Amino acid sequence: MSEEKKAYDPKEAESAMYALWEQSGFFNPDNLPRKNGKPFAVFLPLPNITGNLHMGHALNAAVTDILIRYHRMRGFDTVWFPGTDHAGIAAQNVVEKELKKEDTTRHKLGREAFIARVWEWKKKYGDIIMGQFKTMGASFDISRTRFTLDPGYAAAVADAFVHYHKQDLLYRAYRTINWCTRCATGISDLEVDYKEEEGVLYYLKYGPFTVATSRPETKFGDTALAVNPADERYKKYIGTEVEITTLDTAEEGKIVIVRLPVVGDEAADMAFGTGIIKVTPAHDIADFEIGERHTLPMMQVIDARGKMMNAGRFDGLKVSEAREKIVSELRAAGLVEREEKYTRNLAICSRCSTAIEPLPSRQWFLKMERLAKATLNALEKGETNIVPDNFAAPYKAWLENTRDWCVSRQLWWGHRLPVWLCTKGKEDDYVVAKEKPAACPHCGECVMTQTEDVCDTWFSSALWPFAGLSDNDLKRFYPSQVLITARDIINLWVGRMVFSGLEFKGAVPFKDVFIHGTVLTKDGKRMSKSLGTGIDPLTLVEKYGADATRFGIVWQAMGTQDIRFDEAAVVAGRKFANKIFNASRFVIGRVGTAPRTEIDMTKATPADVLVLGRADVTKKAVEKHLAVYEFGQALHVLYDFFWHDYCDVYIEEVKKAPSSEADAVLYALLVGSLKLLHPFMPFITEAVWQELPHAEQSVLMVADWEK
RNA sequence: GCGCCCAUAGCUCAGUGGCAGAGCGUUUCAUUGACAUUGAAAAGGUUGAAGGUUCGAUCCCUUCUGGGCGCACCA
34 MSEEKKAYDP KEAESAMYAL WEQSGFFNPD NLPRKNGKPF AVFLPLPNIT GNLHMGHALN
94 AAVTDILIRY HRMRGFDTVW FPGTDHAGIA AQNVVEKELK KEDTTRHKLG REAFIARVWE
154 WKKKYGDIIM GQFKTMGASF DISRTRFTLD PGYAAAVADA FVHYHKQDLL YRAYRTINWC
214 TRCATGISDL EVDYKEEEGV LYYLKYGPFT VATSRPETKF GDTALAVNPA DERYKKYIGT
274 EVEITTLDTA EEGKIVIVRL PVVGDEAADM AFGTGIIKVT PAHDIADFEI GERHTLPMMQ
334 VIDARGKMMN AGRFDGLKVS EAREKIVSEL RAAGLVEREE KYTRNLAICS RCSTAIEPLP
394 SRQWFLKMER LAKATLNALE KGETNIVPDN FAAPYKAWLE NTRDWCVSRQ LWWGHRLPVW
454 LCTKGKEDDY VVAKEKPAAC PHCGECVMTQ TEDVCDTWFS SALWPFAGLS DNDLKRFYPS
514 QVLITARDII NLWVGRMVFS GLEFKGAVPF KDVFIHGTVL TKDGKRMSKS LGTGIDPLTL
574 VEKYGADATR FGIVWQAMGT QDIRFDEAAV VAGRKFANKI FNASRFVIGR VGTAPRTEID
634 MTKATPADVL VLGRADVTKK AVEKHLAVYE FGQALHVLYD FFWHDYCDVY IEEVKKAPSS
694 EADAVLYALL VGSLKLLHPF MPFITEAVWQ ELPHAEQSVL MVADWEK
């Protein structure tokens, strides 16, 4: 700090301070100078290698770093584990987009070359987001970074798969699942989004009945009709077959008669449409379940690319084209009774927004019943504690109703399943094993090949709190103390980490789950890149500094409410940083190079006593707020104390009428304030600390909070 | 359909069963002294509506209105 400078310059100080911390080695808990014997570990919610830091990450990084720095100063064996996620479907899509620009496709490249391309991408962009976290001041231990495709991590994924299979929790089945025709893979229930869409509900004549459907093109896949067993209108048909007049798939204009059984099933809602469902087990998940209950055959009429098949002259048409053509022919044949406008929730792929096409497919499923029960049990026994607790209800509801998890994906980028196929046998001849079997147990002679399928990304991220950790770190840091994340991945990720932890480590992976708010635009809209409504935290750092950016975000992070982000708070943060800088300059200039550190309370004036008391109250309030994840409140308390009690009142008093103890009080409170402020604004406080004449520790980051 | 959250100053938000607060913005004044990225002060509120509990409600309860979100259904 040179005498001429009147304003704090974050740019210079921030990179210098981060370098100082890295040199100190104190991000690594092995090097910490003081330990109280208690661990404090946090696992970074895995950012994707496709990502850039956004406001959600910035909020997460800020509050996590506050807790990490706070505990480190209190002497905990503190570690923050960073890492990145290979993000199977997301990364594959990104690289596919790149290939498209080069006018090629992954299929032209072939699997091996394509995967090499994704690795190239990973090398180029994989660490960018980690660097951006550092810019925010994240004090994670980079030496403990993991990537979900690291060899050790991959081994854990394969082990988990084999384990589940041995436990009879994992099975292979031919089922109707959510299929994305663009990504060309099956996806899980949790990866499906819904969007309202105007459609038409067609009332079609089905023999003696009228059936309401929004998907007439699937009619060739019908294998039954279903009515509610309690429905007086149709009860008598249950167990019979009815004759249906329908289009001929061979010859246009020809009408044929087919026979369909009528089943009684509760899934039929008497109040919807006509109360009769056309059951298409191959192209509707609810219908598939009806089919299972009544052992109905499956008739697939739409293929993996979303085109008609097994439908004669309609084969090869896109679903939308087929629908149009079929409806117009049905109209002509007098088989459409009426058409109604109808708003429906269209299922779309959460990754690419393409309409989901339910399709029958051979996939691997993880049985959820036992795992969900264990997770629920941990919640009820208080082993996991969700903060705020109103998020526990939907979490519970999901666990109570969840279906088996489809964990296989038809992607190229990911953990290939440890499944080996007989090359001479039928489709069902396979072996689940980590290593390739020496001999095929089915035919005894073939060389088995590994399945093309890979794991759902979330299957591997579910293992994040332990996969690829050293045995020593596992003993030392598992379970971690808190998981800090956003609400949108509670089921997708948090629940799955919990049951994975219970299954593989016999304990929940974290005690608290703190769900922070979502950062919205100032007028309450979702921040979105495509809508241009996002604010880039790195731009804020560039403009105001990382401390000011952290301040601005945390200032608004009151409780767990969503944040309507107002840049004005970052401006306030910059001003506050400057205030800290200047107040420190004044105090250091006044107390000289050998400040008194003992305060003689017998000589203290009321002003001295008042400010010391306020400092004490402030510290207790900060601790109280941090204990319950009230980050914004803690910062407000600190701000009020430092700016008003310390600067406006006490320093002004000292200028007018200093007491005999004034210098000692000024210095003690500066040291104390820097400690309290450090978790929130680490750079400026560290920079000032480095200028203190008699610092107790060379680095504020590891100074004793209690002293 | 089931459930959750929110509504307080112009804006973004705290807060408390007993005189309603902050940041930013606005207005006035001050200032060679750590800081104009400052200080002192002012204006600005029927705490979304109605009802209830209470000596007393912004706070607790009910209903409504408006906004946001999650889950399910969606033939």
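Counting from 34, one number per residue, gives the positions in the first sequence under my numbering. Think of the CB as a built atom: it goes at the ideal place given N, C-alpha and C, for glycine as much as any other residue. None of these values were measured; they are calculated from a predicted model.
Could you say which of F713, W722, V195 lies nearest to A701 if we only look at CA atoms?
Taking only the C-alpha atoms, the option nearest A701 is W722.
Using the Cβ count rule (16 or more neighbours within 10 Å means buried), how would you classify G625?
Classification of G625: exposed, given that the 10 Å Cβ count is below 16.
Could you tell me which of K459, P451, E460 sits nearest to K469, measuring between CA atoms?
With distances taken between Cα atoms, K469 lies closest to P451.
Report the residue ranges of all beta strand (DSSP E) runs contained in full by the stretch 206-287; include only those spanning at least 3 residues, in chain order.
Listed in chain order, the complete beta strand (DSSP E) runs (minimum 3 residues) inside the stretch 206-287 are 218-220, 225-239, 242-246, 257-260, 274-280.
Please report the distance separating the alpha-carbon of A193 from that of S533.
Those two C-alpha atoms are separated by around 9 Å.
For S35, does the three-state DSSP call read helix, strand or coil?
With a pLDDT of only 41 at S35, under 50, the local geometry of the prediction cannot be trusted, and no value is derived from it.
In the DSSP output, what is C488 paired with across the bridge?
Beta-bridge pairing links C488 to S441.
Rounded to whole angstroms, what is the Cα-Cα separation between V603 and Y577?
Cα to Cα, the separation comes out at about 7 Å.
How is the alpha helix (DSSP H) around N61 delimited, first residue to last?
Counting along the chain, N61 falls outside any alpha helix (DSSP H), and DSSP gives it neither H nor E.
The beta strand (DSSP E) that contains V515, what's its start and end?
Per DSSP, V515 belongs to the beta strand (DSSP E) from 513-519.
What first and last residue would you give for the alpha helix (DSSP H) that runs through F347?
No alpha helix (DSSP H) holds F347; DSSP gives it neither H nor E.
Can you find at least 3 beta carbon pairs, one from the stretch 343-357 and one from the stretch 177-193, that sit closer than 8 Å?
Too few Cβ pairs lie closer than 8 Å, so no.
Do D673 and R629 come within 8 Å of each other at the CB atom, strictly closer than that value?
For R629 and D673, no; Cβs fall outside 8 Å.
If you draw a straight line from the alpha carbon of C680 to that of S693, how long is it in whole angstroms?
So the alpha carbons of these two residues sit roughly 18 Å apart.
Just to check my reading of the structure: M169 and A91 have Cβ atoms closer than 8 Å, yes? What is that Cβ distance to the nearest angstrom?
M169 to A91, Cβ: 6 Å. Contact.
Check the DSSP bridge columns for H327 and list the partner residues they point to.
Paired residue(s): none; H327 is not in a bridge.
So what does R597 bridge to, in DSSP terms?
Paired residue(s): L553.
To which residues of the same chain is S706 closer than 6 Å at the C-beta, ignoring the five residues directly before and after it?
F675, listed in sequence order.
Of the choices T554, K688, K252, whose alpha-carbon is the least far from that of R292?
Answer by Cα proximity: K252.
Assuming P498 and A540 make a contact with CB atoms under 8 Å, what is their CB distance in whole Å?
Actually they do not touch by this definition, with Cβ atoms about 10 Å apart.
Does the separation of the CB atoms of E129 and L234 fall below 8 Å?
The answer is no: Cβ separation not under 8 Å.
Is it the case that the CB of T181 approaches a heavy atom of the ligand COA more closely than 7 Å?
Questions concerning the ligand COA fall outside what the structure shown contains, since it holds no ligand whatsoever.
Using CA coordinates, which residue listed in P66, E47, A95 is at the minimum distance from L749?
There is no way to answer for residue 749, as the model of the chain reaches only from 34 to 740.
Between which two residues does the alpha helix (DSSP H) holding Y158 run?
Its alpha helix (DSSP H) spans residues 144-158.
Starting from K358 and walking both ways along the alpha helix (DSSP H), at which residues does that stretch end?
Note, K358: alpha helix (DSSP H), 352-365.
Which residues share a DSSP beta bridge with K295?
The sequence given here places Val at residue 295; Lys does not occur at that position. Paired residue(s): L258.
Apart from the five residues just before and just after E36, which ones in its own chain have a Cβ nearer than 7 Å to its Cβ?
Residue confidence is low: E36 scores 47 on pLDDT, short of 50, so the model does not pin down where it sits. No coordinate-derived value is stated.
Looking only at C-alpha atoms, which of E325, Y662, K268, E575 sits nearest to E45?
Checked all of E325, Y662, K268, E575; the closest Cα to E45 is E575.
Could you tell me which of F242, R266, A263 sits nearest to A257, measuring between CA atoms?
Here the closest residue by C-alpha is F242.
Please name the residue, chosen from R395, R597, N378, that lies closest to E751 on a Cα-to-Cα basis.
Only positions 34 to 740 of the chain appear in this structure, which leaves residue 751 out of reach.
Name the residue from E739, M734, V225 whose alpha carbon lies nearest to the alpha carbon of Q56.
Ranking the options by Cα distance to Q56, first place goes to M734.
Three-state secondary structure (DSSP) at V735?
It is helical.
Just checking my contact of H793 with F76 at CB under 8 Å: how many whole Å lie between their CB atoms?
Here the chain covers residues 34 to 740 and nothing more, so residue 793 does not appear.
Which ranges does the beta strand (DSSP E) cover as unbroken runs of at least 3 residues, wholly within the stretch 39-103, from first to last along the chain?
Runs found: 72-76.
Pull up the CB-CB distance for P570 and H104, whole angstroms please, since I reckon it's below 8 Å.
Contact flag wrong, Cβ pair sits at about 24 Å.
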